[in-house]
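K.L.:
There are 2 protein chains.
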Amino acid sequence: MTETENIASSTYDVVVLGAGPVGENVADRTRAAGLSTAVVESELVGGECSYWACMPSKALLRPVIAQADARRLPGLSASVQGPLDTAAVLARRDYFTSNWKDDGQIGWLDSIGADFHRGHGRLTGERTVTVTGPDGVRKVLTARHAVAVCTGTRAVLPDLPGLDEVKPWTSREATSAQAAPGRLVVVGGGVVATEMATAWQALGSQVTLLVRGKGLLNRMEPFAGELVAEALTEAGVNVRTGTSVESVTRENGTVVVVTGTGTGDRIEADEILFATGRAPRTDDIGLDTIGREPGTWLEVDDSLRVTGSDWLYAVGDVNHRALLTHQGKYQARIAGAAISARASGAPVQADPWGAHAATADHDAVPQVVFTDPEAAAVGLSLAEAEQAGHRVRAVDYDLASVSGAGLYADGYRGRARMVVDLDREILLGVTFVGPGVGELIHSATIAIAGQVPISRLWHAVPSYPTISEVWLRLLEAYRDN
Amino acid sequence: MTETENIASSTYDVVVLGAGPVGENVADRTRAAGLSTAVVESELVGGECSYWACMPSKALLRPVIAQADARRLPGLSASVQGPLDTAAVLARRDYFTSNWKDDGQIGWLDSIGADFHRGHGRLTGERTVTVTGPDGVRKVLTARHAVAVCTGTRAVLPDLPGLDEVKPWTSREATSAQAAPGRLVVVGGGVVATEMATAWQALGSQVTLLVRGKGLLNRMEPFAGELVAEALTEAGVNVRTGTSVESVTRENGTVVVVTGTGTGDRIEADEILFATGRAPRTDDIGLDTIGREPGTWLEVDDSLRVTGSDWLYAVGDVNHRALLTHQGKYQARIAGAAISARASGAPVQADPWGAHAATADHDAVPQVVFTDPEAAAVGLSLAEAEQAGHRVRAVDYDLASVSGAGLYADGYRGRARMVVDLDREILLGVTFVGPGVGELIHSATIAIAGQVPISRLWHAVPSYPTISEVWLRLLEAYRDN
Numbered sequence: 002m003t004e005t006e007n008i009a010s011s012t013y014d015v016v017v018l019g020a021g022p023v024g025e026n027v028a029d030r031t032r033a034a035g036l037s038t039a040v041v042e043s044e045l046v047g048g049e050c051s052y053w054a055c056m057p058s059k060a061l062l063r064p065v066i067a068q069a070d071a072r073r074l075p076g077l078s079a080s081v082q083g084p085l086d087t088a089a090v091l092a093r094r095d096y097f098t099s100n101w102k103d104d105g106q107i108g109w110l111d112s113i114g115a116d117f118h119r120g121h122g123r124l125t126g127e128r129t130v131t132v133t134g135p136d137g138v139r140k141v142l143t144a145r146h147a148v149a150v151c152t153g154t155r156a157v158l159p160d161l162p163g164l165d166e167v168k169p170w171t172s173r174e175a176t177s178a179q180a181a182p183g184r185l186v187v188v189g190g191g192v193v194a195t196e197m198a199t200a201w202q203a204l205g206s207q208v209t210l211l212v213r214g215k216g217l218l219n220r221m222e223p224f225a226g227e228l229v230a231e232a233l234t235e236a237g238v239n240v241r242t243g244t245s246v247e248s249v250t251r252e253n254g255t256v257v258v259v260t261g262t263g264t265g266d267r268i269e270a271d272e273i274l275f276a277t278g279r280a281p282r283t284d285d286i287g288l289d290t291i292g293r294e295p296g297t298w299l300e301v302d303d304s305l306r307v308t309g310s311d312w313l314y315a316v317g318d319v320n321h322r323a324l325l326t327h328q329g330k331y332q333a334r335i336a337g338a339a340i341s342a343r344a345s346g347a348p349v350q351a352d353p354w355g356a357h358a359a360t361a362d363h364d365a366v367p368q369v370v371f372t373d374p375e376a377a378a379v380g381l382s383l384a385e386a387e388q389a390g391h392r393v394r395a396v397d398y399d400l401a402s403v404s405g406a407g408l409y410a411d412g413y414r415g416r417a418r419m420v421v422d423l424d425r426e427i428l429l430g431v432t433f434v435g436p437g438v439g440e441l442i443h444s445a446t447i448a449i450a451g452q453v454p455i456s457r458l459w460h461a462v463p464s465y466p467t468i469s470e471v472w473l474r475l476l477e478a479y480r481d482n
Numbered sequence: 002m003t004e005t006e007n008i009a010s011s012t013y014d015v016v017v018l019g020a021g022p023v024g025e026n027v028a029d030r031t032r033a034a035g036l037s038t039a040v041v042e043s044e045l046v047g048g049e050c051s052y053w054a055c056m057p058s059k060a061l062l063r064p065v066i067a068q069a070d071a072r073r074l075p076g077l078s079a080s081v082q083g084p085l086d087t088a089a090v091l092a093r094r095d096y097f098t099s100n101w102k103d104d105g106q107i108g109w110l111d112s113i114g115a116d117f118h119r120g121h122g123r124l125t126g127e128r129t130v131t132v133t134g135p136d137g138v139r140k141v142l143t144a145r146h147a148v149a150v151c152t153g154t155r156a157v158l159p160d161l162p163g164l165d166e167v168k169p170w171t172s173r174e175a176t177s178a179q180a181a182p183g184r185l186v187v188v189g190g191g192v193v194a195t196e197m198a199t200a201w202q203a204l205g206s207q208v209t210l211l212v213r214g215k216g217l218l219n220r221m222e223p224f225a226g227e228l229v230a231e232a233l234t235e236a237g238v239n240v241r242t243g244t245s246v247e248s249v250t251r252e253n254g255t256v257v258v259v260t261g262t263g264t265g266d267r268i269e270a271d272e273i274l275f276a277t278g279r280a281p282r283t284d285d286i287g288l289d290t291i292g293r294e295p296g297t298w299l300e301v302d303d304s305l306r307v308t309g310s311d312w313l314y315a316v317g318d319v320n321h322r323a324l325l326t327h328q329g330k331y332q333a334r335i336a337g338a339a340i341s342a343r344a345s346g347a348p349v350q351a352d353p354w355g356a357h358a359a360t361a362d363h364d365a366v367p368q369v370v371f372t373d374p375e376a377a378a379v380g381l382s383l384a385e386a387e388q389a390g391h392r393v394r395a396v397d398y399d400l401a402s403v404s405g406a407g408l409y410a411d412g413y414r415g416r417a418r419m420v421v422d423l424d425r426e427i428l429l430g431v432t433f434v435g436p437g438v439g440e441l442i443h444s445a446t447i448a449i450a451g452q453v454p455i456s457r458l459w460h461a462v463p464s465y466p467t468i469s470e471v472w473l474r475l476l477e478a479y480r481d482n
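Sequence lines, in order, name chains A and B.
Going by the working numbering, the residue at position 89 of the first sequence is 90; the numbering climbs one at a time, nothing skipped.
Going by the working numbering, the residue at position 313 of the second sequence is 314; the numbering climbs one at a time, nothing skipped.
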């Protein structure tokens with residue numbers, strides 16, 4: 002930028018950097034409060050979730066899960082032994098990503114009265130964002146009240162020589178691929194790795210899952226990863242734990258993975274997916290112009306305001322509190338409300354569970370992993386609760402012993418755990434793993450966020466015969482042991 | 002009974018009349034408190050629920066629902082267009098009823114140390130039950146502390162001449178039939194009628210559903226019955242509302258139904274199911290010997306003690322508070338605890354939501370109807386809340402607009418409503434209707450029983466993209482309208 006350059010400039014109450022679900026929700030709330038709001042996005046409005054994460058992954062997984070459910074029911078199972086129609090599943094996935102076009106979401110931004118600026122936005126000083134459009138033209142957006150950074154994360158690839166030439170898949174390619182590779186190596190043991198291994202194995206790939214650690218889904222209770230690993234193996238996935246990748250090359254189109262260090266096995270595949278972590282997209286948003294280090298996670302208080310600033314907010318994955326779409330949207334509602342309250346001089350309700358405090362980020366973050374079995378958890382695992390110094394007891398129950406689970410599927414396998422705070426007699430965490438438990442976790446989210454005492458949970462009667470009756474069994478196990 | 006007859010007699014702390022799930026749970030609690038307990042049952046231990054209601058009906062319905070789910074998913078749908086394997090579904094149903102044998106449940110009674118008395122039990126005075134065994138031998142059981150009547154209900158048949166000779170189905174035959182009738186007329190519009198119409202239509206019958214009133218499921222929000230009627234019609238059921246039965250005869254094996262009064266249509270069928278209500282099984286339990294009227298519902302207080310008595314309890318359907326297995330079991334836990342507390346002179350916690358008060362019977366009774374779509378509700382409907390004098394607002398949301406619902410099934414149709422108490426800003430009722438909502442209702446049951454305020458429900462974040470995200474949409478709709 003030179004002094005002679007003629008740059009358009011506009012002033013808004015709020016400038017939102019990044020138009021994923023998080024940015025969209027911040028704008029929704031600031032617009033609802035009557036604040037003029039600009040939204041800047043360099044890629045597709047709707048973000049990672051709409052095009053390369055939640056929506057396409059769940060579109061790929063839903064028929065897989067429904068088929069698995071049907072296969073466990075005599076009278077229906079015989080008809081669903083064959084493979085899924087992969088082309089039809091992919092076409093449905095394409096529909097849910099709007100074929101990677103964002104006209105609909107731009108229309109939505111328009112409908113709430115937010116100004117959309119397509120281009121790469123960078124901070125260029127306090128309360129100032131400079132947008133470089135696709136055509137190279139720049140404009141300067143000044144924020145009277147707040148800039149909200151909602152740029153999310155990108156996949157991290159490991160530091161292996163020559164990896165670029167291999168053209169490995171990240172979550173983006175794994176969710177948007179137009180055909181099932183014959184052989185797919187998945188590296189990682191988290192949500193993306195287990196979900197994509199589940200999906201592509203069912204859609205026709207021979208999947209090998211390479212997990213560096215001992216187990217899968219290691220942010221959940223241990224039995225979650227154990228049950229999912231067992232099911233992946235039964236589905237035909239070659240699950241190899243304790244296995245690191247030493248080198249990856251592509252030879253005549255074939256991916257060659259050498260694992261190691263000790264064994265040095267060689268695995269050939271058609272594609273390789275690295276699902277090995279995320280990094281904040283803060284490396285090229287001008288953090289240096291406001292005295293902050295590019296590429297770092299942005300630490301925030303419970304109103305989502307960046308530590309040490311009175312105008313900069315960081316909302317969603319980029320603040321590293323909980324890398325989940327729904328939690329980012331929750332933060333966005335709170336950040337938008339907090340920005341609006343401060344802009345109008347209204348009181349800020351920043352006490353725990355107040356309207357301007359993302360308290361659930363600490364106590365009640367839910368997650369559903371759409372594998373078969375589904376794994377769903379909210380709040381603290383036993384290990385996390387103990388580490389945090391709570392006096393707790395974990396209560397487990399075998400879901401197969403719940404009538405509703407037996408009716409749901411023959412050979413039902415699953416497990417439930419609740420972690421009880423013994424001092425307050427409330428729940429700190431709940432985990433359900435098993436077919437059909439995905440919609441069950443919200444009951445636990447309400448119990449934890451609502452801090453409903455155990456004595457009252459006895460009066461919340463689960464309908465018979467649903468899988469939810471596991472609640473009764475957990476309470477009984479807590480009472481009797 | 003003559004004075005010279007030699008009748009065995011035993012004294013127990015507690016005598017439980019009826020060994021369905023309710024009686025079993027009363028005994029479980031009194032035994033846990035160390036009270037000697039006798040359980041009397043004239044039919045199968047495990048009761049209606051295990052053999053002729055919940056278990057077999059859900060075993061029949063689960064494959065139907067899983068097939069319907071699969072049919073709505075491109076990539077899977079083509080394989081499930083054919084009919085279910087009815088024989089396999091019925092065999093699975095037989096498994097879940099233990100082939101109508103109660104050895105397992107008798108073993109369970111034994112394991113908790115309750116004495117089981119097979120036979121017909123009748124009150125023969127205060128605290129006294131006389132059991133007439135299958136061999137005609139009588140014994141007298143005296144209860145030191147309490148007699149708990151848990152005899153449930155039976156199906157009510159309408160007063161139509163010659164109906165006995167028609168051998169109509171009740172819920173018992175409908176859940177235990179060993180083959181699908183070619184043509185089945187179902188009379189009624191409630192849970193049994195809609196569930197059995199759903200099941201048998203899918204299992205091969207041509208079902209005609211005759212409903213006297215305007216709609217189905219009329220104890221739920223009106224849209225529940227509307228959506229279920231629409232789906233039944235699409236599944237091929239001939240749904241005829243506003244239709245009463247004038248006569249039923251069986252001619253050469255064929256059931257002939259004449260509807261009326263005006264039209265007088267004639268419908269032929271192979272079987273007819275009357276699902277037209279329930280009556281308390283109190284007509285032959287000796288109520289007259291304690292100055293009460295046989296055949297009546299037994300009114301109780303919140304500790305499940307019969308009005309005007311200090312030793313007689315009535316638990317489950319027979320008290321007419323909520324004719325649902327899970328609610329009866331809830332009452333049983335509370336009654337058992339209340340009996341035990343009173344027996345030991347411990348304080349009775351009968352305040353609302355106390356350990357000895359079945360408060361949820363008033364405020365938070367949940368129910369799931371396992372039709373396709375599922376219909377699930379808890380608490381008060383809008384009409385009930387208004388009738389009760391609450392200042393309320395109903396908030397509705399189209400479930401098809403929830404991402405998780407769209408992913409769950411193509412062409413998703415469903416609806417959600419929450420009824421908000423405007424004075425206390427808590428929920429009085431929630432209804433979900435749509436595929437896959439059955440496990441979702443427990444979240445609402447916890448919110449209502451826990452009296453979690455709306456302001457706190459905002460912090461209970463639904464996982465994306467589950468159907469549970471309807472919670473967020475309902476809260477937004479409440480906020481914005």
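Glycine residues also receive a C-beta, built at the ideal position from the N, C-alpha and C atoms.
Because the structure is a prediction, the values reported are computed rather than measured.
How far does the alpha helix (DSSP H) with B:E239 in it extend, from its first residue to its last?
P.N.:
Note on residue identity: the sequence assigns Asn, not Glu, to residue 239 of chain B. Premise fails: B:N239 lies in the beta strand (DSSP E), 239-241, not in any alpha helix (DSSP H).
K.L.:
Among the residues of its own chain, which have a CB less than 6 Å from the CB of A:V145, if the five just before and after it don't count?
P.N.:
Per the sequence shown, residue 145 of chain A should be read as Arg rather than Val. Counting only Cβ-Cβ distances below 6 Å, and skipping sequence neighbours, we find D14.
K.L.:
Can you find at least 3 beta carbon pairs, one from the region 214-229 of chain B and one from the region 418-437 of chain B, that sit closer than 8 Å?
P.N.:
With a cut-off of 8 Å, the region 418-437 of chain B and the region 214-229 of chain B count as touching, because enough Cβ pairs lie within range.
K.L.:
When you compare the CB of A:M2 with every CB in chain B, is at least one pair closer than 9 Å?
P.N.:
Confidence is the limiting factor: at A:M2 the pLDDT is only 46, short of 50, which leaves the residue's position unreliable and the question unanswerable from this model.
K.L.:
What residues match up with A:K140 in a beta bridge as DSSP calls it?
P.N.:
For A:K140, which the question treats as bridged, DSSP gives the partners A:A9, A:V132.
K.L.:
If we define contact as Cβ-Cβ less than 9 Å, is B:K330 a contact residue for chain A?
P.N.:
Yes, its Cβ sits closer than 9 Å to a Cβ of chain A.
K.L.:
Whose Cβ in chain A lies nearer than 8 Å to the Cβ of B:D103?
P.N.:
Chain A residues near B:D103: none, gap ~16 Å exceeds 8 Å.
K.L.:
Looking at the unbroken alpha helix (DSSP H) that takes in A:G108, where does it start and where does it end?
P.N.:
Per DSSP, A:G108 belongs to the alpha helix (DSSP H) from 104-112.
K.L.:
Indicate whether B:W109 and B:L45 have their beta-carbon atoms separated by less than 9 Å.
P.N.:
Result no, Cβ atoms of B:W109 and B:L45 do not sit closer than 9 Å.
K.L.:
Using a Cβ-Cβ distance cut-off of 9 Å, determine whether A:V366 contacts chain B.
P.N.:
Closer than 9 Å: yes.
K.L.:
So, is the C-beta of B:P463 closer than 9 Å to a C-beta in chain A?
P.N.:
Yes, because at least one Cβ of chain A sits closer than 9 Å to the Cβ of B:P463.
K.L.:
Kindly indicate which three-state DSSP category A:Y413 falls into: helix, strand or coil?
P.N.:
A:Y413 falls in the coil class under three-state DSSP.
K.L.:
Over the uninterrupted alpha helix (DSSP H) stretch that includes B:T446, give me the two end residues.
P.N.:
That run of the alpha helix (DSSP H) goes 442-450.
K.L.:
Could you tell me the alpha carbon to alpha carbon distance between B:V379 and B:G48, rounded to whole angstroms?
P.N.:
So the two alpha carbons sit approximately 25 Å from each other.
K.L.:
Measure the C-alpha to C-alpha separation of B:R480 and A:V366 and round it to an integer number of angstroms.
P.N.:
Distance between the alpha carbons of B:R480 and A:V366 is about 23 Å.
K.L.:
Using beta-carbon positions only, say whether A:L274 and A:V370 come within less than 9 Å of one another.
P.N.:
Their beta carbons are not under 9 Å apart, which means A:L274 does not touch A:V370 by this criterion.
K.L.:
With distances taken from CA atoms, which of A:T176, A:K140, A:R282 is nearest A:T129?
P.N.:
Nearest C-alpha to A:T129: A:K140.
K.L.:
Would A:M56 count as contacting chain B if we go by Cβ distances under 9 Å?
P.N.:
A:M56 counts as touching chain B.
K.L.:
Using a cut-off of 9 Å between C-beta atoms, extract the partners of A:D86 located in chain B.
P.N.:
P75, G76, L77, S78, A79, S80, listed in chain order.
K.L.:
In terms of residues, what are the limits of the beta strand (DSSP E) holding B:T432?
P.N.:
Note, B:T432: beta strand (DSSP E), 427-435.
K.L.:
Expressed to the nearest angstrom, what Euclidean distance is found between the alpha-carbon atoms of B:A28 and B:L142?
P.N.:
C-alpha separation (whole angstroms): 15 Å.
K.L.:
What are the partner residues of B:V150, as DSSP defines its beta bridges?
P.N.:
B:L18, B:A315, per the DSSP bridge assignment.
K.L.:
For B:R267 and chain D, any beta-carbon pair shorter than 9 Å?
P.N.:
Protein chains A and B are contained in the structure displayed, whereas chain D is not.
K.L.:
Which residue comes first and which comes last in the beta strand (DSSP E) that contains B:A395?
P.N.:
Where B:A395 is concerned, the enclosing beta strand (DSSP E) stretches over 393-399.
K.L.:
What are the uninterrupted segments assigned as alpha helix (DSSP H) that are 4 or more residues long and contained completely in the region 173-214 of chain B, given in chain order?
P.N.:
The qualifying runs are 192-203.
K.L.:
Relative to the C-alpha of A:R343, which candidate in A:T326, A:Y314, A:V319, A:Q368 has its C-alpha closest?
P.N.:
Per the Cα distances, A:Y314.
K.L.:
Alpha carbon to alpha carbon, what distance is there between B:V17 and B:L305?
P.N.:
In a straight line, the C-alpha of B:L305 is about 13 Å away from that of B:V17.
K.L.:
Under 7 Å between beta-carbons, which chain B residues line up against A:G440? List them in chain order, please.
P.N.:
The sequence given here places Glu at residue 440 of chain A; Gly does not occur at that position. Ordered by position in chain B, the residues that pass the 7 Å Cβ test against A:E440 are G437, E440, L441, T467, I468, S469.
K.L.:
Can you name, in chain order, every residue of its own chain whose Cβ lies under 7 Å from the Cβ of B:G105, other than the five neighbours on each side?
P.N.:
S99.
K.L.:
Checking contacts by CB at 9 Å: is B:L325 closer than that to chain A?
P.N.:
Chain A contact via Cβ: present.
K.L.:
Does the beta carbon of B:T360 sit closer than 9 Å to a beta carbon anywhere in chain A?
P.N.:
At least one chain A Cβ lies under 9 Å of B:T360.
K.L.:
Out of B:K59, B:R30, B:T326, state which residue places its alpha-carbon closest to the alpha-carbon of B:A339.
P.N.:
Selected option, being the one with the closest Cα: B:R30.
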